[in-house]
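*Asks:* Please see the structure below; I have some questions.
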Amino acid sequence: MDMTHSEFSSILYEAFPKMECLRGGWMLYKATGGCGIRRLNVIPPYSEGYTGSQIKSASASGKTMLYVVPLQEELDLNPLPNDARELKKMPKATCQMCHKSMPLQMLALHIQVCKSNDTTSSNEEVMD
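If you want it as structure tokens, here you go:
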């Protein structure tokens, strides 16, 4: 049985929770072309919306990246709060400087801030 548009939407909303509050709809696009020029082309939805077979075909069975593009609003790009349920599923590592455990995706940014805070506090100790 083919995946319906609402089933596909549910999967998207679970993977990208900020899309749930997106009003005004969205469409799928894929990049085409080559030689340094890549254009985003719309994948027009069927009359019943996007289906699993349509997505499979458009993405060459998952080999081609598809892009979700909001039609009337901008996606919220602010980081999720530290207690967000989505972060609980992510693999974690511990910062070597402050010993806080956090998702890998956040650790790279945290390390830069943590290093600058450590450098600042070291400079303040030298000045005292």
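The letter at position 28 of the sequence shown is residue 27 when you use numbering that gives the first Met the number 0, and the numbering goes up by one with no holes.
Glycine included, each C-beta is placed from N, C-alpha and C at the ideal position.
Keep in mind it's a predicted model, so treat the numbers as computed, not measured.
From residue 17 to residue 0, what does the alpha carbon distance come to, in whole angstroms?
*Replies:* Translated into positions along the sequence shown, residue 17 becomes position 18. Translated into positions along the sequence shown, residue 0 becomes position 1. Distance between the alpha carbons of residue 17 and residue 0: 28 Å.
*Asks:* Per the DSSP calculation, residue 42 is bridged to which residue(s)?
*Replies:* One-based indexing of the sequence shown puts residue 42 at position 43. Looking at the DSSP assignment, residue 42 forms a beta bridge with 27.
*Asks:* Could you check the C-alpha separation between residue 24 and residue 14 for me, to the nearest Å?
*Replies:* Here residue 24 refers to the residue found at position 25 of the sequence shown. Here residue 14 refers to the residue found at position 15 of the sequence shown. Straight-line Cα distance between these residues: approximately 17 Å.
*Asks:* Tell me which same chain residues have a C-beta within less than 6 Å of the C-beta of residue 7, skipping the five on either side of it?
*Replies:* As a working mapping, residue 7 is identified with position 8 in the sequence shown. Cβ within range, chain order: 49.
*Asks:* Does the Cβ of residue 27 have 16 or more other Cβ atoms within 10 Å, making it buried, or fewer, making it exposed?
*Replies:* In the sequence shown, counting from the first residue as 1, residue 27 sits at position 28. Its Cβ being crowded by 16 or more others within 10 Å, residue 27 is buried.
*Asks:* Can you give me the C-alpha to C-alpha distance between residue 81 and residue 20, rounded to a whole angstrom?
*Replies:* Taking the first residue of the sequence shown as position 1, residue 81 is located at position 82. Taking the first residue of the sequence shown as position 1, residue 20 is located at position 21. If I take the Cα positions, the gap works out to 19 Å.
*Asks:* Mapping DSSP to helix, strand and coil, what is residue 78?
*Replies:* Counting from 1 along the sequence shown, the entry for residue 78 is found at position 79. DSSP places residue 78 in coil when its eight states are reduced to three.
*Asks:* At what residues does the beta strand (DSSP E) containing residue 62 begin and finish?
*Replies:* Looking up residue 62 in the sequence shown gives position 63. It is not in any beta strand (DSSP E) - residue 62 carries neither H nor E in the DSSP assignment.
*Asks:* Is the beta carbon of residue 45 closer than 8 Å to that of residue 53?
*Replies:* Taking the sequence shown and counting its residues from 1, the one referred to as residue 53 is at position 54. Taking the sequence shown and counting its residues from 1, the one referred to as residue 45 is at position 46. Yes.
*Asks:* Along the beta strand (DSSP E) that carries residue 92, what are the first and last residues, could you check?
*Replies:* Walking along the sequence shown from the start, residue 92 turns up at place 93. 91-93 is the span of the beta strand (DSSP E), which, as asked, contains residue 92.
*Asks:* Please go through the same chain and pick out, in chain order, the residues whose beta-carbon is closer than 7 Å to the beta-carbon of residue 40, but skip the five residues on each side of it.
*Replies:* Position 41 of the sequence shown, counted from the first residue, corresponds to residue 40. For residue 40, where only same-chain residues beyond five positions count, the Cβ hits under 7 Å are 28, 29 and 31.
*Asks:* Within its chain, find whatever has a CB closer than 8 Å to the CB of residue 107; leave out the 5 residues flanking it on each side and keep chain order.
*Replies:* Position 108 of the sequence shown, counted from the start, is the residue given in the question as residue 107. None.
*Asks:* Which stretch, first to last residue, makes up the alpha helix (DSSP H) that contains residue 73?
*Replies:* Counted from its first residue, the sequence shown places residue 73 at position 74. Premise fails: residue 73 is in no alpha helix (DSSP H) and is neither H nor E.
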